[in-house]
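Asks: Just dropping this structure here.
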Amino acid sequence: MTRFQYQQIHDPDTGDLLHELFRPNLDHTSETHGLERIDFSDPGEFLQGAMIQIPSNHKFRPHKHLERERSFLNLRAQESWVVVSGEVKVDYFSEAGVFLQTESLGAGDLSITYRGGHGYRTLNKGAFVYEFKSGPYEGQEIDKTFLD
Numbered sequence: 376m377t378r379f380q381y382q383q384i385h386d387p388d389t390g391d392l393l394h395e396l397f398r399p400n401l402d403h404t405s406e407t408h409g410l411e412r413i414d415f416s417d418p419g420e421f422l423q424g425a426m427i428q429i430p431s432n433h434k435f436r437p438h439k440h441l442e443r444e445r446s447f448l449n450l451r452a453q454e455s456w457v458v459v460s461g462e463v464k465v466d467y468f469s470e471a472g473v474f475l476q477t478e479s480l481g482a483g484d485l486s487i488t489y490r491g492g493h494g495y496r497t498l499n500k501g502a503f504v505y506e507f508k509s510g511p512y513e514g515q516e517i518d519k520t521f522l523d
């Protein structure tokens with residue numbers, strides 16, 4: 376199975392899960408003998424994610440996802456960053472905007488914010504990340520408040 380470091384950050388006041396960090400320790404030299412999937416988002420969260428280690432010549436059947444009516448209350452944007460190269464420091468905050476901790480992310484690391492706040496800063500030239508956010512995201516005026 377793919378090995379990784381996993382960390383959860385909870386709100387000290389409510390105990391709610393705010394942030395998750397995943398740091399894979401992949402061995403790219405050994406062959407995987409079967410598909411290995413780790414779903415890491417709680418099924419109740421809007422932003423879903425998994426780590427998948429895929430063996431040579433594995434095929435995923437062609438498919439599409441169905442449009443269907445869904446109803447959610449209190450929808451908020453959830454955000455994740457995957458560091459492709461470089462190093463990024465992430466400051467994590469509670470729902471009340473209280474600073475909780477700082478973590479350093481490197482290539483292959485993933486940070487997910489379900490609720491609470493975060494701030495990012497790159498530590499070297501050429502840092503590159505993928506950002507994923509649940510949508511529809513309607514812009515800063517509607518979906519964001521700054522903590523500084």
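The working numbering applies: residue 376 is where the sequence shown begins, and numbers increase by one. Idealized CB from N, CA, C, for every residue including glycine. Keep in mind the model is a prediction, meaning the values are calculated, not measured.
So, is I517 buried or exposed, given that buried needs 16 or more other C-beta atoms within 10 angstroms?
Replies: Result: exposed.
Asks: Just mark Y381 as buried or exposed, buried being the case when its beta carbon has 16 or more other beta carbons within 10 Å.
Replies: Burial call: exposed.
Asks: If we count the other Cβ atoms within 10 Å of its Cβ and call it buried at 16 or more, is E395 buried or exposed?
Replies: Flag for E395 reads buried.
Asks: Looking at the secondary structure, which residues open and close the alpha helix (DSSP H) in which I517 lies?
Replies: Unbroken alpha helix (DSSP H) run through I517: 515–518.
Asks: To the nearest angstrom, report how far apart Q515 and L498 are at their CA atoms.
Replies: Computed Cα separation, rounded: 25 Å.
Asks: Exposed or buried, what is F343 when buried is set at 16 or more other beta-carbons lying within 10 Å of its beta-carbon?
Replies: Outside the modelled stretch of the chain, which goes from 376 to 523, sits residue 343, for which no answer is possible.
Asks: For a cutoff of 8 Å on Cβ pairs, would you count Y381 as touching chain C?
Replies: The chain inventory of the structure shown lacks chain C, comprising one protein chain alone.
Asks: Please state whether the Cβ-Cβ distance between E513 and R490 is less than 8 Å.
Replies: The answer is no: Cβ separation not under 8 Å.
Asks: Which of the three DSSP states is assigned to G442 in this structure?
Replies: The question names Gly, but residue 442 in the sequence shown is Glu. Looking at E442 - three-state DSSP - the assignment turns out to be coil, as it is neither helix nor strand.
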